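Structure, as structure tokens:
Residue numbers (this note's numbering): 5 to 327.
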């Protein structure tokens, strides 16, 4: 059977309603609905590692609230320690032609006025961990900015980001007082039976959603262990592997995927900083948990280069008088 290009759109629109996703979606929708009933606005932290599904959830929320013009905006916060950078980013998202003009105070006053005038009720602030520097320093002025937006602009805020997002919210006691309990989209844990079962359901749902593709059955623990090692338990990496698989199937003009096709797709889709493992290789030992688990756990893991020990020897200080 020749390749059906429609399968790209099928994968692009596919949402897997696993338990953490459903719980997070419900919490976000409740927070937004409550904004219509109370003057006291809240901030909801949406926290999880990269590729855990936060972006897909935010896309769902944007679609759900997209019928009311401009009531919701989403912006990704810049990696900057300056409050002004945050102000510029939000003003730009609002369409302010002078988004880069003025002092911090003038820009903040203009931002509050724009939010009110445009009737913005909800603000999704993505990449919230950027309010913390790579050295771990918290930008207290930025934390205070979001407290002001809650009070004066009367917007409900969804603060989405990595684990460091919680540090920003805890840095301002008034902001923390407005926080709802954090919603987590975690990495699936193979060693936890409940999490493992959820992950197996995710893999099965991808197979069902792409039912027009004939592929090996991934319906038992051994088969799903291949997927866990390949993705590190992060649903975004499962999606990446399927994306690369479809690219290869289109290139070969076929709708049937073998285990070797998944092996090639994984090898082309997942970046490793250290040792690599190839779980879709027919020679992969499914019983060898010792080798696969630690390598898989490092997929998508944050690593600060500045904090890592250097292999280069330190230069000794020269004697007095040396150039």
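Just so you know, even glycine gets a beta-carbon here, dropped at the ideal spot from N, CA and C. Just so we're clear, the structure is a prediction, and the values are computed from it rather than from any experiment.
Compare the beta carbon distance of residue 246 and residue 210 with 8 Å and say whether it is the shorter of the two. Yes, the pair counts as a contact, with Cβ atoms nearer than the cut-off.
Suppose contacts are defined by Cβ-Cβ distances below 8 Å. Is residue 48 in contact with residue 124 by that definition? no
Shortest alpha-carbon distance to residue 240 belongs to which of 31, 81, 15 and 80? 15
Rank 192, 225 and 292 by C-alpha distance to the C-alpha of residue 57 and give the top, closest one. The closest CA to that of residue 57, considering only 192, 225 and 292, is found on 192.
Among 253, 131 and 41, whose alpha-carbon lies nearest the alpha-carbon of residue 53? Checking every option, the nearest Cα to that of residue 53 belongs to 131.
Determine the extent of the beta strand (DSSP E) in which residue 160 is found, giving its start and end residues. Segment 160-165, the beta strand (DSSP E) holding residue 160.
Roughly how many angstroms lie between the CA atoms of residue 42 and residue 94, to the nearest whole one? 24 Å
Taking DSSP's pairing of strands, which residues face residue 218 in a bridge? 260
What separation, rounded to the nearest whole angstrom, lies between the Cα atoms of residue 67 and residue 289? 43 Å
What residue ranges within the stretch 21-66 form continuous beta strand (DSSP E) runs of no fewer than 3 residues, ordered along the chain? 47-51
Terminal residues of the continuous beta strand (DSSP E) containing residue 126? Residue 126 -> beta strand (DSSP E) spans 126-130.
Determine, using beta carbons only, whether residue 4 and residue 157 come nearer to each other than 8 Å. This structure cannot settle anything about residue 4, because the visible part of the chain is limited to 5 through 327.
Based on the DSSP secondary-structure assignment, which residues constitute the bridge partners of residue 78? 128
Distance, residue 276 Cα to residue 301 Cα: 11 Å
The stretch 225-241 in contact with the stretch 290-300 per 3-pair CB rule at 8 Å: yes
Any contact between the stretch 144-155 and the stretch 107-116? By contact I mean 3 or more CB pairs, one from each, below 8 Å. Yes, since at least three Cβ pairs between the stretch 144-155 and the stretch 107-116 fall closer than 8 Å, the two stretches touch.
Measuring only the C-alpha atoms, how far is residue 11 from residue 183? 41 Å
Do residue 28 and residue 76 have their C-beta atoms within less than 8 Å of each other? no
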